[in-house]
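Peer 1: In my numbering, the protein residues as written are 324 to 472.
The C-beta atom is built at its ideal place from N, Cα and C for all residues, glycine as well.
Fair warning: this is a prediction, and the values are worked out from it, not measured in the lab.
Got a structure for you, questions after.
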Amino acid sequence: MPVEHLDFLINAVTFAAVYAALHAAHHVADHWVQSHHQAVNKGRPGWAGRLHCSAHVATYLVTCFAFIAITVLVLHLDLDLVGPGMGIGMAVNGLTHYIADRRTPLMWMARRTGHGEFVDTCGPEAAYKMDQSWHTAWLFATALLIAVL
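What follows is the structure, encoded as structure tokens:
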């Protein structure tokens, strides 16, 4: 097998493993690690909301990193846990998580992309689904960045 094919396979396996770790970590961090106080207050306007959201994102990123590190160690993946891919990927993950969890930016995007009626008429579950789908898309991008950079 040519070396470039092996590199492709290594990147593909690394991406799949990192994505699985991030997906699991996301749900644990968003539903178990995040405090009730953070969940209720992270969308508030001003510095109070920003601080609550920042605290949540900090524990979210620690949880994500822990899940990735465990995955790398158990599966013996050749992934630099302190390399540029991890740094850039986790920065993207943290920033996009913060944007969504401040709530107003995500609802603004939903309305600008024609999803305002969905958010307005489908109950509180609609906003949650928009939030979770946003996070899932960025977890995918994060895993790609971590795997290939």
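1. Judging by CA-CA distance, which residue of Gly417, Ser377, Met430 and Ala344 is the nearest neighbour of Leu398?
2. For Lys365, does the three-state DSSP call read helix, strand or coil?
3. Does DSSP classify Cys445 as helix, strand or coil?
4. Comparing C-alpha positions only, which one of Ala362, Arg434 and Met409 sits nearest to Cys387?
5. Tell me whether Cys445 is buried or exposed, calling it buried when 16 or more other Cβ atoms sit within 10 Å of its Cβ.
6. What's the gap between the Cα of Leu374 and the Cα of Ala340?
7. Using the rule of at least 16 other Cβ atoms within 10 Å of the residue's Cβ for burial, across every protein chain shown, is Asp403 buried or exposed?
8. So, at 8 Å on beta carbons, what are the nonlocal neighbours of Ala389 in its own chain, with the 5 sequence-adjacent residues on each side left out?
9. Distance check for Gly406 and Lys452, CA to CA, integer angstroms please.
10. Would the beta-carbon of Cys376 fall within 8 Å of that of Tyr342?
Peer 2: Inspection of the coordinates gives the following:
1. Selected option, being the one with the closest Cα: Ala344.
2. Note: Lys365 maps to coil in three-state DSSP.
3. Reduced to three states, the DSSP call for Cys445 is coil.
4. Of the listed residues, the one whose Cα sits closest to Cys387 is Met409.
5. Around the beta-carbon of Cys445, fewer than 16 other beta-carbon atoms lie within 10 Å, marking it exposed.
6. C-alpha separation (whole angstroms): 32 Å.
7. Around the beta carbon of Asp403, a 10 Å sphere encloses fewer than 16 other beta carbons of the protein chains shown; the residue is thus reported as exposed.
8. If we look at Ala389 and ignore the five residues flanking it on each side, its Cβ neighbours are Ala348.
9. Roughly 33 Å separates the two Cα atoms.
10. No, Cβ-Cβ distance for Cys376 and Tyr342 is not below 8 Å.
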